[in-house]
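For reference, the structure is listed below as C-alpha cells.
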Amino acid sequence: MGQLCIYLPPFASDYSGVCSALYDLGCLTIINDASCCTAHYVYCDEPRWSRQQRPVLCTTLRNVDAILGQDAKLVERVCDAAVNMDVNLIALVGTPVPAIIGMDTAGIAREVEALCGKPALGFDTTGFAYYDKGLVMAGKALVERFAERDVRVVPGRVNILGMSPLDFGDVGNDADLVTLLEGAGIMVGARFFMGLTLEQLRDCGAATLNLAVSAAGVQLAKYLRRRFGTPYLAGFPMGGAHTQCWLDRVKAALAGSVPAPQVPQAAGAPGRALIVGDQVLADSLRERMRLEGDGRGIDVASFFAWDAAAAQAGDAHLANEAAYLRLLRDGTYDALIADPFLGDVPAAADLDFTSLVHPAVSSKLHWGDAPRFIPS
Amino acid sequence: MHRMLKIAIYGKGGIGKSTVTANLAAAFAQMGLKVMQIGCDPKSDSTSLILHGQEYPTVLDLIRSEADAANIVLEDIVHEGYGGVLCVEAGGPTPGIGCAGRGIITAFDKLEELDAYEVYQPDVVLYDVLGDVVCGGFAMPMRAQYADVVYIVTSGEKMALYAARNIATAISNFRARGYAQLGGIILNRRNVVDELARVQAVANELSCDIVADIPRSDHITWGEDAGMTAVEAYPRSEVAGIFRNLAKRLLEAGGARG
C-alpha cells in the first residue's frame, strides 16, 4: 500500500499517456473501461480536448463482460465503430479491470485488425503505472509498426521526443520549440507527441539527432538509439541564456562534436532548493538557475520516469508520497519549486515555494497556468 | 536471434503435469540443452524434483514484500537445478484472497522486466500451468511472446478429458491472434478401463496426436521419494526412455514448426 496518498491526488496514469501520445494521429482510441478512466482522460488529463475533440470511445465494460470475457463482442463493436468513423488507425487501451482479469488487449487488437483490415494497436496498460510509461509504450509501438527500417539519415534533421501536454500543458511550448529550432536552421522531423503524423513516423529513423525533452522522451530516445543508432540529447530550452546554451549544444551534437560543459556548478551560496517535476525539465530548470547565477545547491526529484545516469548527487527518484514528505521533512531544503499540489502539503509550509505547474499532477486545476518556457 | 522452443504444459489439477514437465526438463538437459522451467501454479511445486526438494522464495513471495519488490534481481527468482535447469516459481496469493491469475501475469511481467529470456537465452522454456484455463491469467502462457505450442497432459479419466477439451477450446479461441498451437496430448496413465481408446477418441476429436504414452511407473514414485525425476534417478528405466523420446519428438516438432 505504498502508493496510498494522504495529500496528493492520483497522478496521470499509463492509459492517459498512451491516449495523449496518439491524440494527433487521428486515431480511433477505444478505452476499455466502465467509463471512469475515459472520463478521467478526456476531462482531467487532456488539455487539448476542450479545443479539439478526437474519436475517443469507451467500451462501457460491465460486470458481466468482465466475468464472461466477451472478447468477440468487443471485437465486433470496435470494428463497427472503425468502419462508421472511417479512421485509419485503431488503438485499444487497457485499464485496471482488464488488467486484473487478464484481458488480452494486444490479442483483441490483432483480431480487430484481421476483421476490419485497418491497423490496430493494443496496449496492455493497467492504470497501475504513471503516464510516462504509457507515452513510452505508445511511442515504441508506433515506431515498431510504422517506422521504415531502411532510411537514409538526413543531415541536420532532429526529432522531438517526449513532448506531451501532461508535462508541457497546451500553452504553446510545442510550437515555441519548433519555431526556435527552425529559426536556428534546424530541420524538425517527427514530433513525438504534439504535432505527430504517420508520415513523420515512417521517416523518424532519418533524424541525425533525437531531442529528448522529457524523461519519457529519454526512454524513447534510448529505444531509437538501439533501433536506428540515432544519438540523443536530453534537455529543454528554459528561456533566457539557457535557450542559447541549449541551442549551442544541439548544434554541436548535430556537428558530431561533444558539447563542452557550459553550466556553472553550485557556488556554495546559502540555502538549498528542490525542484520536483519531470526529470529532464527539472534538470533544465536547474541549469537555467545556475546560468543566471543562483549559487545555492539545487536538487531534482521526480515521481516519474528516471534516468539514474543523468541524476546528480542529491537528486532523488521518489517512490511515493511518503518518500516525498520524508525528503521535505529532513530539513535539507528551504525552497521548493514544484506543482502547486506538491507545495500544498504540511511539510512544505515553511519552504519558499515557486509554482511549476505539472499537468500530470494537478490536472485541469492548474493546466492553464503551465509555463511557456522559451519566451520567458 | 537465439531460437527458443517454448512449450506450455496444461492439464487438469493433479494429473501429473509437474512430474511430466520436470522429467521433460531433465531429458532436455541430458541432451545438452539449456532449459528454463517456469512453474505457473500457486502451489509452487513444479520445480521441486529438479531442485531436489530445495525451496526458494517465489516471484510473488518477493513482490509481496514491498521492501524487496523494487530490488528484485534475476538471481533472486531463477535457481539452477539438475542439469543446469533454470527454475522459476511464479507463486500465488495468500489462500482464499487475492487473484492467482493476476499473480501469473505479474510474475511474467517481472521476468520480462528483468529481461530473463535475453539474459539466460535458454534453448527450451517449459511453462507448467495450473489445471484448467480458468481465466485470462492462466491463458497468459499461451499468448504471443510466450509458448509456441501447448501440450495437454491427461489420463483416461472423465474429468481429465473434460479439462483437456476446455484447454483445447481456449487454444482454438486464440487462433485468430496467431498464438500457441495445440501440439498434442501426453497420456499419463491412471490405468482406467480402455484408457488408450478413451484418450485416442478425444485426440481424434481435437485433431491431434497422442505424443507420449506414459505408464504408471514405480521409478517415477521412487524418484519422487528421493526428490528427483525418474530421468535423473533411474536413467535406464523404461519410463526415463519414454521421457527422452518425448523430448526428442517435441524438439523435432518445434524445429518443423520453425
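Protein chains in written order, with this note's numbering: chain A, 55 to 430; chain B, 719 to 976.
Virtual Cβ for every residue (Gly too), placed ideally from N, Cα, C.
Open item on the list: Would B:I823 and B:C758 qualify as a contact pair, given that the criterion is a beta-carbon distance under 7 Å?
Closed with: The sequence position of residue 823 of chain B within the second sequence is 105, counting from 1. The sequence position of residue 758 of chain B within the second sequence is 40, counting from 1. No, Cβ-Cβ distance for B:I823 and B:C758 is not below 7 Å.
TODO: Could you tell me whether the Cβ atoms of A:V141 and A:L274 are closer together than 7 Å?
DONE: Working through the first sequence from its first residue, we reach residue 141 of chain A at position 87. Working through the first sequence from its first residue, we reach residue 274 of chain A at position 220. Going by C-beta atoms, A:V141 is not nearer than 7 Å to A:L274.
Task: Of the residues B:G874, B:V851 and B:A878, the one placed nearest B:Q918, counting alpha carbons only - done: Walking along the second sequence from the start, residue 918 of chain B turns up at place 200. Comparing Cα positions, the closest option is B:G874.
Task: When A:Q124, A:A136 and A:N117 are compared against A:C81, the one with the closest alpha-carbon - done: By one-based count along the first sequence, residue 81 of chain A stands at place 27. A:C81 has its Cα closest to that of A:A136, out of A:Q124, A:A136 and A:N117.
Task: Close Cβ partners of A:R102 (< 7 Å) along its chain, the five nearest in sequence each way excluded - done: Looking up residue 102 of chain A in the first sequence gives position 48. Once the five neighbours on either side are set aside, the close Cβ partners of A:R102 are Y77, P219 and D224.
Open item on the list: Quick check: the segment 226 to 239 of chain A against the segment 251 to 258 of chain A, are at least 3 beta-carbon pairs closer than 8 Å?
Closed with: no
TODO: Tell me, please, which residues DSSP counts as bridged to B:K724.
DONE: As a first step, residue 724 of chain B is located in the second sequence; it is residue number 6 there, counting from the start. DSSP links B:K724 through a beta bridge to B:V843.
TODO: Note down the Cα distance separating A:K276 from A:L196, rounded to an integer number of angstroms.
DONE: Position 222 of the first sequence, counted from the first residue, corresponds to residue 276 of chain A. Position 142 of the first sequence, counted from the first residue, corresponds to residue 196 of chain A. Distance between the alpha carbons of A:K276 and A:L196: 15 Å.
- [ ] State buried or exposed for A:Y97, treating a residue as buried only when at least 16 other CB atoms are found within 10 Å of its CB.
- [x] For the purposes of this step, residue 97 of chain A is identified with residue 43 of the first sequence, where counting begins at 1. A:Y97 is exposed by the Cβ-count criterion.
Task: Backbone CA spacing between B:R934 and A:T92 [nearest angstrom] - done: Reading the second sequence from its first residue, position 216 is the one you call residue 934 of chain B. Reading the first sequence from its first residue, position 38 is the one you call residue 92 of chain A. Straight-line measurement puts the Cα of A:T92 at about 56 Å from the Cα of B:R934.
Task: Distance between B:S766 and B:A740 (C-alpha atoms, nearest Å) - done: Taking the second sequence and counting its residues from 1, the one referred to as residue 740 of chain B is at position 22. Taking the second sequence and counting its residues from 1, the one referred to as residue 766 of chain B is at position 48. When rounded, the distance between both Cα atoms is 8 Å.
TODO: Measure the C-alpha to C-alpha separation of A:Y61 and A:D423 and round it to an integer number of angstroms.
DONE: Position 7 of the first sequence, counted from the start, is the residue given in the question as residue 61 of chain A. Position 369 of the first sequence, counted from the start, is the residue given in the question as residue 423 of chain A. Their Cα atoms are separated by approximately 21 Å.
Open item on the list: Nearest by alpha-carbon distance to A:E375: which of A:E100, A:P400, A:M217 and A:V304 is it?
Closed with: Here residue 375 of chain A refers to the residue found at position 321 when the first sequence is read from its first residue. The residue with the shortest Cα to Cα distance from A:E375 is A:P400.
Open item on the list: Do A:A270 and A:D186 count as a contact pair if the criterion is CB distance below 7 Å?
Closed with: Here residue 186 of chain A refers to the residue found at position 132 of the first sequence. Here residue 270 of chain A refers to the residue found at position 216 of the first sequence. Yes; because the gap between Cβ atoms is below 7 Å, this pair is in contact.
TODO: Closer than 8 Å by beta-carbon distance: list the chain B residues that pair up with A:I428, in chain order.
DONE: Numbered from 1 along the first sequence, position 374 holds the residue referred to as residue 428 of chain A. Under the 8 Å cutoff, chain B gives no residues; its nearest Cβ is about 36 Å from A:I428.
TODO: Quick one: list the residues of chain B neighbouring A:I155, beta-carbon separation under 9 Å, in chain order.
DONE: In the first sequence, the residue the question calls residue 155 of chain A occupies position 101. Close to A:I155, with beta-carbon spacing below 9 Å, are these residues of chain B in chain order: C817, G819, R820, C853, G854 and G855.
Task: Partners in chain B for A:E165, counting only beta-carbon separations shorter than 7 Å - done: To locate residue 165 of chain A, count along the first sequence from 1; it is residue 111. Under the 7 Å cutoff, chain B gives A894 and R895.
Open item on the list: Can you pull out the residues from the segment 103 to 133 of chain A whose beta carbon lies closer than 9 Å to at least one beta carbon of chain B?
Closed with: G123, D125, A126 and V129
TODO: Reducing DSSP to helix, strand and coil, say where B:G902 ends up.
DONE: In the second sequence, the residue the question calls residue 902 of chain B occupies position 184. For B:G902, the secondary structure class from DSSP, reduced to helix, strand or coil, is strand.
- [ ] Give the interface partners of A:A168 over in chain B, defined as CB-CB distance under 7 Å, in chain order.
- [x] Stepping through the first sequence from its first residue, residue 168 of chain A is reached at position 114. Per Cβ cutoff of 7 Å: A894.
Open item on the list: Is there a C-beta anywhere in chain A that falls below 7 Å from the one on B:I823?
Closed with: Taking the second sequence and counting its residues from 1, the one referred to as residue 823 of chain B is at position 105. Yes, B:I823 counts as interfacial toward chain A.
Task: Top-ranked residue by Cα proximity to B:H770, from B:K966, B:F961 and B:A951 - done: Reading the second sequence from its first residue, position 52 is the one you call residue 770 of chain B. Checking every option, the nearest Cα to that of B:H770 belongs to B:A951.
Open item on the list: Alpha carbons only, please: which of B:A958, B:P775, B:L742 and B:I885 is nearest the one belonging to B:D850?
Closed with: Taking the first residue of the second sequence as position 1, residue 850 of chain B is located at position 132. When only C-alpha atoms are compared, the closest one is B:I885.
Task: Beta-bridge partners of A:A392, as assigned by DSSP - done: Within the first sequence, numbered from 1, the residue matching residue 392 of chain A stands at position 338. DSSP lists A:S409 as partners of A:A392.
Task: According to DSSP, residues forming a beta bridge with A:S67 - done: Locating residue 67 of chain A in the first sequence gives position 13, where the first residue counts as 1. Per DSSP, A:Y184.
Open item on the list: Could you check whether the segment 732 to 746 of chain B touches the segment 939 to 948 of chain B, counting it as contact only if at least three pairs of C-beta atoms, one from each stretch, sit closer than 8 Å?
Closed with: yes
- [ ] Give me the Cα-Cα distance between B:G855 and A:A153, rounded to the nearest whole angstrom.
- [x] Your numbering for residue 855 of chain B matches position 137 in the second sequence. Your numbering for residue 153 of chain A matches position 99 in the first sequence. Using only the alpha carbons, I get a separation of about 9 Å.
Open item on the list: Tell me the rounded alpha-carbon separation between B:F826 and B:S736.
Closed with: Numbered from its first residue, the second sequence carries residue 826 of chain B at position 108. Numbered from its first residue, the second sequence carries residue 736 of chain B at position 18. Each residue's alpha carbon lies about 18 Å from the other.
Task: Length of the line joining the Cα atoms of A:L287 and A:P429 - done: Here residue 287 of chain A is taken as the residue at index 233 of the first sequence, counted from 1. Here residue 429 of chain A is taken as the residue at index 375 of the first sequence, counted from 1. When rounded, the distance between both Cα atoms is 21 Å.
Task: CA-to-CA distance, A:R303 to B:L969, given in whole angstroms - done: As a working note, residue 969 of chain B is residue 251 in the second sequence. As a working note, residue 303 of chain A is residue 249 in the first sequence. So the two alpha carbons sit approximately 54 Å from each other.
Task: Neighbourhood of A:T284 by C-beta, 6 Å cutoff - its chain only, sequence neighbours within 5 removed - done: If you number the first sequence from 1, residue 284 of chain A lands on position 230. A261, N264 and L278, listed in sequence order.
TODO: Quick one: measure Cβ to Cβ for A:M157 and A:N86, integer angstroms, because I've assumed they're closer than 8 Å.
DONE: As a working note, residue 157 of chain A is residue 103 in the first sequence. As a working note, residue 86 of chain A is residue 32 in the first sequence. Confirmed, about 7 Å.
Open item on the list: Run through chain C and tell me which residues come within less than 9 Å of A:A424, C-beta to C-beta.
Closed with: The structure shown has no chain C; the protein chains it does contain are A and B.
- [ ] Consult DSSP for A:L111 and reduce its assignment to one of helix, strand or coil.
- [x] Sequence index remark: in the first sequence, residue 111 of chain A carries index 57 (1-based). A:L111: strand per DSSP, three-state reduction.
Open item on the list: Just to confirm before moving on: does the CB-CB distance between B:A747 and B:V777 stay below 7 Å?
Closed with: On the second sequence, position 29 is the one that residue 747 of chain B refers to. On the second sequence, position 59 is the one that residue 777 of chain B refers to. No.
- [ ] Could you give the DSSP three-state label for B:M860: helix, strand or coil?
- [x] Translated into the one-based positions of the second sequence, residue 860 of chain B becomes position 142. DSSP places B:M860 in helix when its eight states are reduced to three.
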